[in-house]
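Numbering (full-length UniProt numbering), first residue to last: 1 to 462. Even glycine gets a Cβ: it sits at the ideal position worked out from N, Cα and C. Data block below; observations after.
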């Protein structure tokens with residue numbers, strides 16, 4: 001098996017996921033944000049400092065699977081900076097680059113290419129925005145992983161099923177899944193992971209094409225695929241399937257399975273803030289919100305499970321693996337956001353999707369309903385729904401939505417989140433949003449007015 005090029009081949013169209021946001025917007029929900037990030041030394045510093053205090057922000061954890069040796073940012077120097085510069089130039093993000101942009105293993109750099117300047121910062125933010133990750137302009141493990149995944153075009157390497165935990169990942173896999181999806185052989189989410197379902201879809205296509213059904217995508221399989229045009233045009237076959245799944249599930253909540261995923265856990269409690277009843281940890285706020293939501297879902301006849309015990313803090317991949325094993329219909333992650341000062345505020349929701357690839361129609365719809373219900377029932381600001389490609393959204397088999405219920409660094413949001421009545425309102429908003437999702441075309445409820453007691457009456461549980 002041959003390696004493909006090390007970096008991506010794509011283009012950047014500068015746009016903002018939130019039309020109302022401006023370049024000065026500090027919130028991380030805004031893709032074009034120039035939000036500052038702490039250095040690695042401050043990231044791994046003590047969790048207990050002056051209030052509010054915090055360990056690694058969840059927004060960084062979305063992109064970083066493990067502690068990266070070094071994070072490069074504006075003003076830094078190093079060979080990694082030069083390599084990324086050459087890569088972005090090869091992709092068309094940097095114009096007039098005079099250095100080596102061949103992508104070969106023996107690339108040579110000019111000394112000035114190793115400086116992380118404003119031009120590179122802007123180009124890197126463009127790539128990050130295009131891929132649906134935090135556009136902070138930092139070269140982190142998450143950004144490098146996104147570059148690696150985007151580095152392959154279909155045909156650059158032979159694709160085959162590897163062992164668990166070692167699946168091939170990249171844009172070439174996503175392109176292959178898209179072809180098989182359009183032809184009706186692949187019916188799962190297009191996520192760029194060559195797993196068992198992709199292997200089975202390839203084998204089924206090969207059998208129908210008169211090829212050896214070994215599930216290996218080599219020259220013969222690629223040649224056969226090139227002879228066929230797309231079979232579905234003018235829409236998304238994945239969206240059609242997701243829409244039909246929701247319609248077929250019916251409007252009743254009884255039997256629906258939902259995973260609730262409160263952030264932090266164990267010794268990692270997040271920020272400590274002052275509430276009306278004394279100090280309270282961010283983990284306590286999220287755990288309480290999850291249990292309030294869980295109680296209402298159980299009362300409505302739903303099957304629920306929490307992604308972690310109170311004493312543990314699993315990784316995002318461990319959380320999504322548990323949700324997949326549970327066979328959930330939906331997963332809802334609960335988080336708070338963080339910012340270096342107290343200016344950023346408001347709630348936002350996130351679903352799987354980006355400018356560069358596929359998205360979850362059901363996730364987008366549920367994120368929109370949750371966002372509207374939460375902001376209608378509370379005093380939290382409306383930061384709107386946004387598509388992202390974080391692991392917690394991408395690696396689940398079911399539609400997943402992350403709710404950032406406010407900024408733990410904003411006094412107004414903290415006053416809301418530490419109020420039990422507000423947490424009750426958010427929990428009710430989430431359950432009502434799930435109900436409205438499954439009501440499908442019969443959803444005529446007025447946002448913020450559909451009460452939990454009305455929901456129970458409609459479910460026949462009063």
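C-beta atoms of residue i and residue j nearer than 7 Å
{"i": "residue 94", "j": "residue 282", "result": "no"}
{"i": "residue 74", "j": "residue 116", "result": "yes"}
{"i": "residue 336", "j": "residue 427", "result": "no"}
{"i": "residue 185", "j": "residue 167", "result": "no"}
{"i": "residue 422", "j": "residue 375", "result": "no"}
{"i": "residue 159", "j": "residue 217", "result": "yes"}
{"i": "residue 316", "j": "residue 401", "result": "no"}
{"i": "residue 179", "j": "residue 225", "result": "yes"}
{"i": "residue 311", "j": "residue 266", "result": "yes"}
{"i": "residue 254", "j": "residue 301", "result": "yes"}
{"i": "residue 351", "j": "residue 327", "result": "no"}
{"i": "residue 425", "j": "residue 436", "result": "no"}
{"i": "residue 306", "j": "residue 260", "result": "yes"}
{"i": "residue 396", "j": "residue 323", "result": "yes"}
Neighbourhood of residue i by C-beta distance below 6 Å, restricted to the same chain and skipping five residues each side
{"i": "residue 334", "result": "262, 286, 289, 290 and 403"}
{"i": "residue 50", "result": "Confidence in residue 50 is poor, its pLDDT being 34 and thus under 50, which makes the residue's placement unreliable; the coordinate value appears in the next sentence. Closer than 6 Å at Cβ, skipping near neighbours: no residue."}
{"i": "residue 124", "result": "137"}
{"i": "residue 214", "result": "none"}
{"i": "residue 394", "result": "191 and 352"}
{"i": "residue 538", "result": "In this structure the chain extends from 1 to 462, so residue 538 is not present and cannot be described."}
{"i": "residue 120", "result": "85"}
{"i": "residue 34", "result": "Because residue 34 carries a pLDDT of 34, less than 50, the predicted location of this residue cannot be relied on, and the following value inherits that uncertainty. No residues qualify anywhere along the chain."}
{"i": "residue 236", "result": "none"}
Distance between beta carbons of residue j and residue i, contact taken as under 8 Å
{"i": "residue 130", "j": "residue 364", "result": "About 18 Å separates the two Cβ atoms, so there is no contact after all."}
{"i": "residue 273", "j": "residue 418", "result": "7 Å"}
{"i": "residue 81", "j": "residue 112", "result": "Contact doesn't hold; Cβ gap of about 11 Å is too wide."}
{"i": "residue 220", "j": "residue 211", "result": "6 Å"}
{"i": "residue 154", "j": "residue 176", "result": "6 Å"}
{"i": "residue 238", "j": "residue 135", "result": "With a Cβ gap of about 26 Å, residue 238 and residue 135 do not count as contacting."}
Best match in the options for proximity to residue i [C-alpha to C-alpha]
{"i": "residue 171", "options": "378, 331 and 192", "result": "192"}
{"i": "residue 398", "options": "450, 332 and 349", "result": "332"}
{"i": "residue 384", "options": "346, 352 and 410", "result": "346"}
{"i": "residue 353", "options": "341, 389, 344 and 176", "result": "389"}
{"i": "residue 303", "options": "90, 311, 294 and 109", "result": "294"}
{"i": "residue 456", "options": "318, 448 and 296", "result": "296"}
{"i": "residue 240", "options": "189, 121, 461 and 118", "result": "189"}
{"i": "residue 410", "options": "431, 394, 396 and 381", "result": "381"}
{"i": "residue 452", "options": "429, 359, 195 and 443", "result": "429"}
{"i": "residue 163", "options": "298, 157, 177 and 199", "result": "199"}
{"i": "residue 431", "options": "454, 396, 196 and 264", "result": "454"}
{"i": "residue 152", "options": "122, 244 and 173", "result": "173"}
{"i": "residue 415", "options": "120, 247 and 279", "result": "279"}
{"i": "residue 92", "options": "122, 110 and 78", "result": "122"}
{"i": "residue 413", "options": "449, 461 and 343", "result": "343"}
{"i": "residue 338", "options": "309, 270 and 244", "result": "270"}
{"i": "residue 77", "options": "109, 203 and 90", "result": "109"}
{"i": "residue 308", "options": "264, 236, 277 and 325", "result": "264"}
{"i": "residue 165", "options": "196, 157 and 119", "result": "196"}
{"i": "residue 245", "options": "209, 360, 118 and 157", "result": "360"}
{"i": "residue 277", "options": "420, 132 and 449", "result": "420"}
Cut-off 8 Å between Cβ atoms - residues of its own chain near residue i, not counting five sequence neighbours on either side
{"i": "residue 249", "result": "256, 329 and 438"}
Residues near residue i by beta carbon distance below 7 Å, same chain, minus five either side
{"i": "residue 433", "result": "366, 369, 370 and 373"}
{"i": "residue 275", "result": "418"}
{"i": "residue 459", "result": "252, 253, 254, 300 and 301"}
{"i": "residue 447", "result": "372, 373 and 376"}
{"i": "residue 443", "result": "436"}
{"i": "residue 149", "result": "169, 170, 171 and 192"}
{"i": "residue 247", "result": "440"}
{"i": "residue 298", "result": "304"}
{"i": "residue 187", "result": "241"}
{"i": "residue 194", "result": "159, 161, 167, 168 and 173"}
{"i": "residue 292", "result": "423, 424 and 427"}
> Can you give, in chain order, each stretch of the alpha helix (DSSP H) that sits fully within the segment 341-424 and has at least 4 residues?
Replying inline: 361-377, 391-394 and 411-417
> Can you list, in chain order, the stretches of the alpha helix (DSSP H) that have 4 or more residues and sit fully within the segment 203-244?
Replying inline: 219-226
>> Restricting to runs no shorter than 4 residues, where is the alpha helix (DSSP H) found entirely within the segment 110-184?
In response: 118-131, 141-149 and 171-183
>> Suppose only complete runs of 3+ residues qualify. What are the beta strand (DSSP E) ranges in the segment 437-461, listed by chain order?
In response: none
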